[in-house]
Structure formats: C-alpha cells, structure tokens
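To start, the structure itself, in structure tokens.
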Amino acid sequence: MTGYYRWRKIKNGIMFSLCLLSVLAALVPLFIILFYTISQGISSINWDFFTKMPKPAGEAGGGMANALVGSAILLGLGSVVGLPVGILSGIYLSENKKSLFAGSVRFLAEVLNGIPSIVVGVFAYIVIVIPMHRFSALAGGFALGILMMPVVTRTTEEMMNLVPNSYREAALGLGISRWKTTLFIILPTALKGIITGVLLSIARAAGETAPLLFTALGNRFWSTQLDQPIASLTVFIYDYSKSPFDDWIRQAWAAALVLILIILFINVTFRLVTRKR
Amino acid sequence: MEEILDTSKKKDHKHGSGSKIEVDSLNAFFGKTKALQNLSMKIQENKITSIIGPSGCGKSTLLRCFNRMHEEVGGTIEGKILLDGENIFNHDPVWLRKKIGMVFQKPNSFPTMSVSENVTIGLRLNGRRNKKELTEIVERSLKQAFLWDEVKDNLKAPGTSLSGGQQQRLCIARTLAVNPEIILLDEPTSALDPISTAKIEEMLVGLKTNYTIIIVTHNMQQAARISDYTSLMYLGELVEYDKTTKIFTAPAKKQTEDYVTGRFG
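In the order they appear, the protein sequences are chains A and B. Just so we're aligned, residue 1042 is where the first sequence starts under my numbering, counting upward by one. Just so we're aligned, residue 4 is where the second sequence starts under my numbering, counting upward by one.
What follows is the structure in structure tokens.
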C-alpha cells in the first residue's frame, strides 16, 4: 500500500510541476514585454509628453497630446458604434437560442471576430473614406466599432446565458413580462461579465493600428474634428518607430508604455468599481 | 371524495367554500413525452392542497401548468384549467401570474437587489412607484412571511446575504407583495433545515385564511401536518385525491396506502 501512495504522490508532483511550468510559460513573455517597454520608454515620459504637441523632426522634446486625445475620440466613436449593436445582439442571441436566424448571427459574429483587422480597415475605407473623399476620425471610429462588435456580442450572450434560469422563472412567476425580466432582472445580474467583455473589446480596439492607417490616417497637428484625419497612439507608435531619429524612437517606446498603462488602468478601475455587486 | 374529483359544477359548494381551480381532463407534454395523463381535480379555496408522489410523477409539471410556466419551457398542454370558472388558457400569462404566485425549490432571491428591493420588484416593474406605499408593502409582506423581525434593521443588505431559510421566506414575501390569490410552492423546504422548514409550515397554515395554497412536497409528514387536501400522483396520473386525514388514515386505494406507509415510491 505505501508504494501505491508514494507513486500517487509522485504523479501529483509531476502534474503540479507541469501546471506551474505552463503558468510560467504564459507569464514570462508578458513580463519581459512589460519590463522591456518600461526600461526603454520610462526615460521619455515627462509632463511635456502628455501636454505638448509633436516637435518637427530634428528638434528634441515635444509630446503626443494630440495622439492621446485622438485615441480617446476614436475609442469613444468606436464604442458608440460597437457597444449598442454588440450588447443588443448578445441579448437577442441569448433570448432566441435555438432559432435559425440566431444561429446564423452567432456564426457570422464568430467569422467577423476572425477577420484580420486590416480587412476591416479596408472595408471602412471603401464605405466611408471614399464617399467622403478624405480620411477622418469617423471612419476610424467606425472601423474600431466593427472590431468591437463581435467580442461584445459573444461575451454578452455568454454572460446572459450564465444567469441561472431560476431567476428568469422567479421573475416571470411574479407577473413580470418577458422583456422586463430580460432587461431589469437578467441583464443587471449579467452586467459585471458584460462590462468585462466591453473592456476586453475596448482594450482590443485601443491596440489596433492597421485599420486606422486606412481610415483615421494620423495627424501631426491638433484636431478634434470628426470629419478630419486624427492622431492616435498606435499610429504615433507606428510612425515614430520607423523613423531614423533616436529621439522619436524613444518617444515611440514611451507611447507604447503609456498605451499599456492606460489599458491596465481602465481594467483595474472597472474591476474595482464592479467588485461590490 | 366525489365532490373534488368530479368537475361538474353542481357540487361546487359542498365544502362551504367553492373550488378555486378546476382541472378538467388535463394532458401535458414535453415534446412527445406525456407528463400528465387525463387529470381532473378541484382545488378548494382558502385551503392547503398538497401534491405528493415519487420523483418524476408529474407533480411539478402539474403545478407549473397552473401558472402557465410549463409552456414557458416549451411544454404543451391539452384540456382546461378553470380559475374562478374561467379558462386560464384564454388569458395572458403575465396577467395570470399576478393572480397565481409561485415559490420554487431553491431560494432564488435576485442577487443584484437588496432585501426590500427583492420584495417590491414585482410591483415596481409593473408601475407602482409610490414610496410610502412600497415601504408599507415591504413591512407587511415580510411580516406575513415571518421574516420581518430578522431583517428589519438590514433592509438595504443584499438579499443573497441572508441564510437559505431566510432567503426562501424572502421569496415568499416577494410573492405575497404582488398580492396573488393563489400561491404555488414547489418543494419549498426541501433545501432547508428543520427549523426553517417549521417556520415556513407555520406561516403557510397562517396564510391560508387569505390565500389558496398548493404545495408540492416529497415530505409526507409535511403534507400530513399542514394540508387540508392531499393528492397522490404516479406516472402522470392522479391516483387518489381526498381530505388529508382520509388519505393518511383510510385511503381508498391500495397504491395510496402502500405509498404513504413507505412500501413503494
């Protein structure tokens, strides 16, 4: 018997070590990226970096205030386009699980989720940039919105499905109509998970560069007009990292670090806010 | 015996109070599977009627026919159920469920709401906003459910912070707040400890002066303790339905006697 138990303990130890190794394999690259970005970017981060405009090539200093504001505007526009459609489709899918139409929508959402973001950029270019005859924040926001849609749809549906059916029956049993049950009982119960999905989609959109190259283009000057090209952090990183100037490359690292920190900040804040419920 | 099994109207008033619900040759299905078989019975007003029987015999399905919850999960129904003489299948389920409340096996207070919000949700979502009125209803319903003294200082606490037994009484209070005429209970105490169970039983006996109560239970002692009428079901059919004392002391059928004495089921 003791031999059997020893063998069982050994097996347990082996499996535990394998699990631990997998965790390390997943975490190590993350931390390497994080530390490398910090070590390269931290030196260029100062107050000017957040408040000043980009300086002409060759002049040291300057900042990326326009890109910071531009990214916020683009994400705002993307949310306006993507979140309502995504959340409402998710609710629709969870309410009509078995219909053929819902099945097709679910499948298409998955396909859309797998489409390379640059293709979405080309799509936005064709339907908005070409008819408007210019690159614009609107086109960029539209492209980001389309990228956010399937993520939000899927997580909303999954989170709504996770709410135990007993709550739905309890609400219906009280003489509450179906749509009110969905909107005021099921949706609030699933809200925490849905917000996580929304964050995930915003984080994804915030890191996108390719669809913005065709749509928002980028802008070295201050602009908040929606029908004009607009700067963004990711395009800023893209442009500056390709440049031959050391100062610009340092600034690109700094912008990358800022982008990571912003996404981290959004995540942590929302988690803290939604923890209570 | 006959006055409650027979659905013809002339015998309605033999018990002093009339029958609240009449089930007339009811068949219920899940897809092609028949869950209830040609079932007829009369439920008496302001009495507690218990439904007993082995697992899978159709007790819960019958209960869920009364408030049309059976159709909500894709089931189908043939036959008639009359509430005060009117066929419930001619009415909107939402309207019906305001008259026929339901309490489920597991406590299911809404997790996003406080104790008082849980009680008033059925009213608030149907347009009742008067704060003073709602506060009164919270107190009245919680008192009726024997929960007021335990939660009166914590009405703003989340409903899910209460114990299982308290949550089940909260669910009953929530149902009472809508002011139904009939309360359906689907094994309401099977997940609870004996003390919580005793509290709920005592409460139900008190409630029957104002409400008609139908309770599905696995616990035969419970049926014997609290109900005025008892029905035994087996394989989707009604085996016997009579006064509780009769069912437990002198049942008409051998099958009933075997079941209540624990020889089968």
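No residue lacks a Cβ here, since even glycine has one placed at the ideal position from N, Cα and C.
V154/B versus C174/B: straight-line alpha-carbon distance, rounded: Within the second sequence, the letter at position 151 stands for residue 154/B. Within the second sequence, the letter at position 171 stands for residue 174/B. It is roughly 13 Å from the alpha-carbon of V154/B to the alpha-carbon of C174/B.
For M44/B, the first and last residue of its enclosing alpha helix (DSSP H): As a working note, residue 44/B is residue 41 in the second sequence. No alpha helix (DSSP H) contains M44/B, which is instead part of the beta strand (DSSP E) from 36-47.
Residue-level contact to chain B via CB, G1214/A, 7 Å cutoff: Indexing the first sequence from 1 puts residue 1214/A at position 173. Yes, because at least one Cβ of chain B sits closer than 7 Å to the Cβ of G1214/A.
Proximity winner among E184/B, E243/B, M206/B, N182/B, relative to Q171/B (alpha-carbon distances): In the second sequence, residue 171/B corresponds to position 168, counting from 1. Among E184/B, E243/B, M206/B, N182/B, the Cα nearest to that of Q171/B is on M206/B.
DSSP bridge partner residues for I988/A (one or two, in chain order): With chain A covering 1042 to 1318 only, the question about residue 988/A has no answer from this structure.
Which residues DSSP lists as bridging P1095/A, in chain order: For the purposes of this step, residue 1095/A is identified with residue 54 of the first sequence, where counting begins at 1. Bridge partners of P1095/A: G1103/A.
Y1279/A vs T1250/A beta-carbon contact at 7 Å: To locate residue 1279/A, count along the first sequence from 1; it is residue 238. To locate residue 1250/A, count along the first sequence from 1; it is residue 209. Contact: yes.
V263/B versus Y232/B: straight-line alpha-carbon distance, rounded: Residue numbering aside, residue 263/B sits at position 260 when the second sequence is read from its first letter. Residue numbering aside, residue 232/B sits at position 229 when the second sequence is read from its first letter. Distance between the alpha carbons of V263/B and Y232/B: 14 Å.
Cut-off 6 Å between Cβ atoms - residues of its own chain near P1252/A, not counting five sequence neighbours on either side: Along the first sequence, read from residue 1 onward, the residue named residue 1252/A stands at position 211. Excluding residues within five positions, the ones whose Cβ falls inside 6 Å are S1158, V1161, G1162, A1184.
DSSP-derived helix/strand/coil call for V242/B: As a working note, residue 242/B is residue 239 in the second sequence. In this structure, V242/B counts as strand in the three-state DSSP scheme.
Chain-ordered chain A contacts of L207/B [CB-CB under 9 Å]: The residue given as residue 207/B occupies position 204 in the second sequence. None at all; the shortest Cβ gap to chain A is about 17 Å.
Beta-carbon spacing of Q1292/A, S1130/A below 7 Å: Residue mapping note: residue 1292/A aligns to position 251 of the first sequence, counting from 1. Residue mapping note: residue 1130/A aligns to position 89 of the first sequence, counting from 1. When the beta-carbon positions are compared, Q1292/A and S1130/A stay at least 7 Å from each other.
Burial state of K101/B, where buried means 16 or more other Cβ atoms lie within 10 Å: On the second sequence, residue 101/B is found 98 positions in, with the first residue counted as 1. If you draw a 10 Å sphere on the C-beta of K101/B, you find 16 or more other C-beta atoms in it, and that means buried.
Rounded straight-line distance, which links the Cα of S119/B to that of R127/B: Within the second sequence, residue 127/B is the residue found at index 124, counting from 1. Within the second sequence, residue 119/B is the residue found at index 116, counting from 1. One C-alpha to the other measures close to 11 Å.
Beta carbon proximity, V122/B to chain A, threshold 7 Å: The residue given as residue 122/B occupies position 119 in the second sequence. Not closer than 7 Å to any Cβ of chain A, the Cβ of V122/B fails to qualify, so no.
Identity of the residue in L1153/A, E1151/A, G1234/A, M1105/A nearest R1261/A by Cα: In the first sequence, counting from the first residue as 1, residue 1261/A sits at position 220. Residue M1105/A is the option with its Cα nearest to R1261/A.
I1171/A and M1200/A closer than 7 Å at C-beta: The sequence position of residue 1171/A within the first sequence is 130, counting from 1. The sequence position of residue 1200/A within the first sequence is 159, counting from 1. No.
Three-state secondary structure assigned by DSSP to M72/B: Counting from 1 along the second sequence, the entry for residue 72/B is found at position 69. DSSP places M72/B in the helix class (H, G or I) of the three-state scheme.
Distance CB(T220/B)-CB(E240/B) smaller than 7 Å: The count along the second sequence starts at 1 and reaches residue 220/B at position 217. The count along the second sequence starts at 1 and reaches residue 240/B at position 237. Cβ distance not < 7 Å, so T220/B and E240/B don't count as in contact.
Supposed contact pair N49/B and K211/B - C-beta distance, whole angstroms, cut 8 Å: For the purposes of this step, residue 211/B is identified with residue 208 of the second sequence, where counting begins at 1. For the purposes of this step, residue 49/B is identified with residue 46 of the second sequence, where counting begins at 1. Rounded to whole angstroms, the Cβ separation of K211/B and N49/B is 6 Å, and the two are in contact under 8 Å.
Counterpart residues of L86/B in DSSP-defined beta bridges: For the purposes of this step, residue 86/B is taken as the residue at position 83 of the second sequence. Beta-bridge pairing links L86/B to I24/B, E89/B.
Residues within the region 85-114 of chain B neighbouring chain A, beta-carbon criterion of under 7 Å: If the cut-off is 7 Å between Cβ atoms, the region 85-114 of chain B has V97, R100, K101, G104, M105, F107, K109, N111, F113, P114 near chain A.
Partner residues on chain A for G265/B, Cβ-Cβ distance less than 7 Å: Taking the first residue of the second sequence as 1, we reach residue 265/B at position 262. Within chain A, no residue comes near G265/B; the closest Cβ sits about 31 Å away, beyond 7 Å.
Span of the alpha helix (DSSP H) around M1189/A: Here residue 1189/A corresponds to residue number 148 of the first sequence, with the count starting at 1. Residues 1178-1203.
Contact check, G162/B vs M116/B, beta carbons under 7 Å: Stepping through the second sequence from its first residue, residue 162/B is reached at position 159. Stepping through the second sequence from its first residue, residue 116/B is reached at position 113. Contact flag set, yes.
Beta-carbon contacts of I1304/A that lie in its chain and below 7 Å, excluding the five residues immediately before and after: Indexing the first sequence from 1 puts residue 1304/A at position 263. Excluding five sequence positions before and after I1304/A, the CB atoms of its chain that fall closer than 7 Å to its own CB belong to A1244, A1247, given in chain order.
Straight-line Cα distance separating A180/B from L188/B: Reading the second sequence from its first residue, position 185 is the one you call residue 188/B. Reading the second sequence from its first residue, position 177 is the one you call residue 180/B. Approximately 16 Å, taken between the alpha carbons.
One or two residues paired with A31/B in a DSSP bridge: As a first step, residue 31/B must be located in the second sequence, where it is residue number 28. BP columns for A31/B point to L39/B, I80/B.
Amino acids of chain B, ordered along the chain, whose beta-carbon sits closer than 7 Å to that of F1225/A: Counting from one through the first sequence, the residue named residue 1225/A turns up at place 184. The CB of F1225/A comes closer than 7 Å to the CB of L128 in chain B, given here in chain order.
At least 3 beta-carbon pairs within less than 8 Å: the region 1082-1098 of chain A vs the region 1115-1132 of chain A: With fewer than three CB-CB distances shorter than 8 Å, the region 1082-1098 of chain A does not count as touching the region 1115-1132 of chain A.
Buried/exposed call for H16/B, threshold 16 Cβ in 10 Å: Reading the second sequence from its first residue, position 13 is the one you call residue 16/B. Residue confidence for H16/B is low, a pLDDT of 41 falling below 50, so the modelled location carries little weight and cannot support an answer.
C-beta neighbour in chain B for L1305/A, strict 7 Å: On the first sequence, position 264 is the one that residue 1305/A refers to. So no, L1305/A is outside the interface.
Integer Cβ distance of N70/B from G1214/A, believed to fall under 8 Å: Walking along the second sequence from the start, residue 70/B turns up at place 67. Walking along the first sequence from the start, residue 1214/A turns up at place 173. Contact flag correct, Cβ pair sits at about 6 Å.
V219/B - DSSP class collapsed to helix/strand/coil: To locate residue 219/B, count along the second sequence from 1; it is residue 216. In the three-state reduction of the DSSP assignment, V219/B falls in the strand class, which pools E and B.
Reference V1122/A, options A1296/A, L1179/A, V1152/A, closest by Cα: By one-based count along the first sequence, residue 1122/A stands at place 81. Check the Cα spacing between V1122/A and each of A1296/A, L1179/A, V1152/A: the tightest is with L1179/A.
Element boundaries [beta strand (DSSP E), containing V106/B]: Position 103 of the second sequence holds residue 106/B. Going by DSSP, V106/B is part of the beta strand (DSSP E) stretching over 103-106.
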